[in-house]
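Residue numbers (our numbering), protein chains in the order written: chain E, 537 to 1051; chain Y, 36 to 362.
Even for Gly, the Cβ is constructed at its ideal location relative to N, Cα and C.
Source: prediction; values computed, not measured.
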Amino acid sequence: MSTTISPRDRLQRLGDLARKTFRFWYLLVLFPIVGGGLAFAFAQVRPKVFQSYVVLYYEEHIRSTVISNTTEEVQKNIGDRYRELLTSRSQLEPILKDPKTDPYPEQPDEDAKIDKMRLAIRFEARGANVFRISFSDSDPERCEAIVTALTEGLRAVDDKLRNEQAQATVDFAVKQKTDAGTELRVRERALVDFLSKHPEFVADPNQPAGEGAGIRTANRPRVQVAAPAGPTSGRLLTLQRQSARIQARLAAPPDAPPVRLPVERSPEQKAADAQVSAASKEVNDAQGEVESAIKHGYTERHPEMIKATQHLDEAKQKLAIARAAVPPDVETLVVPATAEDRANLQKQLNEIESEIADEERRLSSGSKTPVPVAAPVDEETNKIVQLETEHDELQRNVDEQRKTDASLSDAVYRAKIDAAQKETEQDRLTVLDKAFKPTVPTGPPKSIFLMAGVVLFFGLGGALAVGLALIDDRLYRRHDVDELGVAVLAVIPPVVVIKAGKVGKPGKRDVSGAT
Amino acid sequence: MSTPRGPKTPFGNSPRAGSTTGAPLPLVTQPMIAIEAPDDHPATRTDNPLQGSAGVSAVFGKTTALSAPLPRPPIVPGGAGATMVSTAGAMGMPSTALAAQGPTAPTEIGLTQHHLPVDKDPDPRLALVIDPDSERAAAFRVLRHHLLEIGRPQVVVVSSPVQGEGKTTVALNLALALAECGRAKVLLVETHLRRPQLAGVFDLTPPWCFAEQLAAHRHQPMLPWSLVEIPSMWLHVAAINPANERPQLLDAPAFAIAMERLRLAGYEHIVIDAPPVLGSADVNLMADAADAVVFAVRSKMTTARNLRKAVDQLGTTKVVGSVLVTE
């Protein structure tokens, strides 16, 4: 006899499951009692563990962004970096080798000690720049000592690494700058040699910016490079450019400023530069001493402050003396041509003018249109073009190297500033809360253990009761029998005991004789 | 109606009647009844398996009627003076003596009337007696209705997978419901040899323990049956005397003969309060001789596993259903 299962039947089955579960109510009572007892016993006998910690604050005392005008360094992974530094083998080994700070003296294996210690160390990043280092141990004094050692080790290695990195950067930048300067001087020397041989290129009116730009500016009204009106050719143009250069050279007045051509610094100059650099460094050091004294709150009459101030003054004097001792630059001056040179130049100009006139005649006789006409290549034209090409290449090489040198100069400057900053501001990790000797064992109180044990075992008891209820195959209701395929002919309700004054209340059924 | 005097029974002297205290009483001739089986009764059919049995045929022989005295004195119930010797005629049965001998011969029944003691509360399991208007009593009437719908089984075995699941309660009240107001002739038979209950329920001592009757009738099938009649319930009871020593296992051939003979006694329903199924094969033997098997299932006690095993043990042929007894 099968019947349709209604929602109420489902609810009833759920209720049956609950009732089945509560048939094992003793489990729900017994398990929490046992669990509470076990948890309390565990809380009593568990070994005491003490924890000490230190709170560190990361701070850049001097803002590098202000000094070197660079973008601010992103400190995203600083916590990870410090964590790895803190638990590195090089950091832990000294602590473990010291008998006073060895938390695992019974452990013979060094690697196992390090592993255990790594597990006992906790490094927490609290906010952006605050860190907490904690260590748990059974001995409170040793715990404090270990935390202190860990902190000092972290700060020392942090400073060391930063200074090493900054110094390496400075060294690299300086080397690059030196190499670039040497190369620049080589290229400039080549250009100077060329200009000495061909002074007409010093004041080249065909180039908008180049050597002799000042001369061209001063003589612009008098130098006229007329554009060809008639037919033209490459040869003609080349001759005209050369003619313009010679004219510009001849047109320079005797009092025109000389064209300064840089040359390589002499050994005396280099020695003087080194003196200046050393004096500058000493000034920086003295300035750092003064700042340190101010930071410590010393007044101007404090001996430390007086000493630092005197040191700074002496360093400044040394710097001034060193700068004064630097020999002046020796410049190659391309002065306006002498009378002999002028005569020579005039002769060249006349020859070029004659060739220009011949070329113009040839062109005008060949065609009336101003279309470039291929002219026969002669030796003079080739020479001029080669000189122009050589000059352009030399000039370009010098320009490129000057840019490189300027860029490296800036890099050296920034690297030195960064190194000086890092050297000046030691101890970026400030101790906000130093390590202490713990007096109370760490961990939750006994009440928490008790509560956790009761709750856990209540859950276990409940789960066991539900499990037993689920596997309980006793027949409770009609549908239970129906599901077995056995027809239910009748359902006999329970005995109703009618008591005095109460009618129809179910009472206990007498099943003593049931068979 | 044959004379009550008969041969000496295997269990003792000639029966006595009219005793209420168990003291020696003068021998009383008990009127015996012979009930003719209807023509369409299975026992009268030629295809009756028992008729084909050589043993049974030999037992029944050609006897057309057997007049046998009750082998035991009348019952000595707890209620003093509540017992009287009666015959089936008190139930309206024909009182003509049966002389014929043989398998289809009417069975002689010796009835002993018993009344429930008035000074004691009836057994709480008698739901239809204690509170006939209760929901519980109505549920047993529903059970009767469903059982009759199935096909009016004449012999109904009430059992359960294991002990203590309400077999006696269901059998009792089913018999009471079937016999209610005398609507049918109903016999309640107890076959649970290990833990007999009916004597205690009705507060009686059966004049002849049903277990002993089974043993006696195996060899003398035509012996009259000694039953207890409870007039107020329109019920005949074949109970086991818990005070007697009795076999622990059911005598299957004797039970089969008994059922055949009792079928012929004209009972429309014979309700058997059987032992539990699991643990023995007694109920299988009873089911062979029965028309239907009903399982008593007690809620919160009977397990699905046991019920399934019980059904598997009996087979689904005779099992017509179950009765869920809730607490």
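*asked:* Is there a Cβ of chain Y sitting closer than 8 Å to that of aspartate 1016 (chain E), yes or no?
replied: Closer than 8 Å: yes.
_Can you list, in chain order, the residues of its chain with a C-beta nearer than 6 Å to that of tyrosine 1012 (chain E)? Leave out the 5 residues immediately preceding and following it._
Scanning its chain for C-beta atoms nearer than 6 Å, with the 5 sequence neighbours on each side dropped, one finds around tyrosine 1012 (chain E) the residues Asp552, in chain order.
*Under 8 Å between C-beta atoms of asparagine 319 (chain Y) and glutamine 283 (chain Y)*: No, the Cβ-Cβ distance between asparagine 319 (chain Y) and glutamine 283 (chain Y) is not below 8 Å.
*Please say whether arginine 160 (chain Y) and leucine 213 (chain Y) have beta carbons closer to each other than 8 Å?*
No, these two residues do not count as a Cβ contact at 8 Å.
*Mapping DSSP to helix, strand and coil, what is isoleucine 275 (chain Y)?*
Coil, per DSSP.
*Nearest-angstrom Cα distance between methionine 321 (chain Y) and isoleucine 307 (chain Y)?*
One C-alpha to the other measures close to 9 Å.
*Taking threonine 371 (chain Y) as part of the beta strand (DSSP E), name the residues at either end of that continuous run.*
Any answer about residue 371 (chain Y) is impossible in this case: the structure gives chain Y only from 36 up to 362.
_isoleucine 1028 (chain E), enclosing beta strand (DSSP E) - first and last residue_ = For isoleucine 1028 (chain E), the enclosing beta strand (DSSP E) begins and ends at 1024 to 1028.
*With DSSP collapsed to three states, give me the class of alanine 309 (chain Y).*
Residue state for alanine 309 (chain Y) is assigned as coil, using DSSP reduced to three classes.
*How many whole angstroms separate the CB atoms of phenylalanine 659 (chain E) and arginine 698 (chain E), which I take to be in contact at a CB cut-off of 8 Å?*
The beta-carbon distance between phenylalanine 659 (chain E) and arginine 698 (chain E), rounded to whole angstroms, is 19 Å. This is too long to meet the 8 Å contact definition.
*Pull up the CB-CB distance for isoleucine 265 (chain Y) and phenylalanine 245 (chain Y), whole angstroms please, since I reckon it's below 8 Å.*
Not confirmed; about 15 Å, so no contact.
*asked:* Could you give the first and the last residue of the continuous alpha helix (DSSP H) run that contains arginine 658 (chain E)?
replied: Arginine 658 (chain E) -> not in any alpha helix (DSSP H); beta strand (DSSP E) instead, spanning 657 to 662.
*Within the 8 Å Cβ cut-off, does methionine 321 (chain Y) reach chain E?*
Methionine 321 (chain Y) is outside the set of residues whose beta carbon lies under 8 Å from a beta carbon in chain E.
*Just the C-alpha distance for aspartate 317 (chain Y) and phenylalanine 994 (chain E), rounded to the nearest angstrom, thanks.*
Between the alpha carbons of aspartate 317 (chain Y) and phenylalanine 994 (chain E) lies a distance of about 47 Å.
_Pairs of beta-carbons, one from the segment 1018 to 1034 of chain E and one from the segment 159 to 178 of chain Y, closer than 8 Å: are there three or more?_
The segment 1018 to 1034 of chain E, when compared against the segment 159 to 178 of chain Y, does touch it at the 8 Å Cβ threshold.
*Grab me the residues of arginine 878 (chain E)'s own chain with a C-beta within less than 7 Å of its C-beta, minus the 5 sequence neighbours each way, in chain order.*
The residues Leu786, in chain order, have a CB closer than 7 Å to that of arginine 878 (chain E) in the same chain once the five nearest residues on each side in sequence are set aside.
_Counting only Cβ-Cβ distances shorter than 8 Å, please list the residues of the segment 336 to 356 of chain Y near chain E, keeping chain order._
Taking 8 Å as the cut-off between beta carbons, the residues of the segment 336 to 356 of chain Y near chain E are Met336, Thr337, Thr338, Ala339, Arg340, Leu342, Arg343, Val346, Val354, Val355 and Gly356, in sequence order.
*Quick one: list the residues of chain Y neighbouring tyrosine 1012 (chain E), beta-carbon separation under 7 Å, in chain order.*
The contact set of tyrosine 1012 (chain E) on chain Y, defined by CB atoms closer than 7 Å, consists of Ser334 and Lys335 in chain order.
*Taking all protein chains shown into account, decide if tyrosine 302 (chain Y) is buried (16 or more other Cβ within 10 angstroms of its Cβ) or exposed.*
Flag for tyrosine 302 (chain Y) reads buried.
*Contact set for arginine 340 (chain Y): own chain, Cβ-Cβ below 8 Å, skip 5 residues either direction*: Here the set comprises nothing.
_Anticipated Cβ contact below 8 Å, proline 639 (chain E) with arginine 678 (chain E), distance rounded_ = By a beta-carbon distance limit of 8 Å, proline 639 (chain E) contacts arginine 678 (chain E). Their separation comes to about 6 Å.
*Contacting residues, own chain, Cβ-Cβ under 7 Å from alanine 325 (chain Y) (five flanking each side not counted)*: For alanine 325 (chain Y), where only same-chain residues beyond five positions count, the Cβ hits under 7 Å are Val190, Val191, Val192, Ile307 and Lys353.
*Would DSSP call phenylalanine 237 (chain Y) helix, strand or coil?*
DSSP, reduced to helix, strand and coil, places phenylalanine 237 (chain Y) within a helical segment of the structure shown.
*Using the DSSP secondary-structure output, state which residues sit across from isoleucine 669 (chain E) in a beta bridge.*
BP columns for isoleucine 669 (chain E) point to E:Val590 and E:Phe659.
*Mind reading off the beta-carbon distance from cysteine 216 (chain Y) to tryptophan 260 (chain Y)? Whole number of angstroms is fine, and I expect it under 8 Å.*
The pair is not a contact, with the Cβ atoms about 24 Å apart (cut-off 8 Å).
_Simplified DSSP assignment, three categories, for histidine 180 (chain Y)_ = Correct three-state label for histidine 180 (chain Y): helix.
_is_contact[phenylalanine 330 (chain Y), chain E] using C-beta, thresh 8 Å_ = Chain E, which has a Cβ nearer than 8 Å to the Cβ of phenylalanine 330 (chain Y), makes this yes.
*Per DSSP, alanine 331 (chain Y) is paired with what?*
As DSSP reads the structure, alanine 331 (chain Y) sits in a beta bridge with Y:Val358.
_Looking at the secondary structure, which residues open and close the beta strand (DSSP E) in which leucine 965 (chain E) lies?_
Looking at the DSSP string, the run of the beta strand (DSSP E) that includes leucine 965 (chain E) is 965 to 969.
*Where proline 277 (chain Y) meets chain E, residues with beta-carbon distance less than 7 Å*: Those within 7 Å of proline 277 (chain Y) in chain E number zero; the least Cβ separation is about 12 Å.
*asked:* Counting only Cβ pairs nearer than 9 Å, list the residues of chain E close to proline 188 (chain Y).
replied: The contacting residues do not exist; proline 188 (chain Y) stays about 12 Å from chain E at best.
_Judging by CA-CA distance, which residue of Y:Arg253, Y:Phe330 and Y:Ala278 is the nearest neighbour of methionine 294 (chain Y)?_
Measuring from the Cα of methionine 294 (chain Y), the nearest candidate turns out to be Y:Arg253.
*Exposed or buried, what is glutamine 846 (chain E) when buried is set at 16 or more other beta-carbons lying within 10 Å of its beta-carbon?*
That one is exposed.
*If we cut at 8 Å on Cβ distances, does proline 543 (chain E) have a partner in chain Y?*
It does not; no Cβ of chain Y falls within 8 Å.
*So which residues on chain E does histidine 181 (chain Y) lean against when the C-beta distance must stay under 8 Å?*
Here the neighbours are Leu1025 and Ala1026.
_How far does the alpha helix (DSSP H) with isoleucine 265 (chain Y) in it extend, from its first residue to its last?_
Segment 260 to 265 is the beta strand (DSSP E) holding isoleucine 265 (chain Y); no alpha helix (DSSP H) there.
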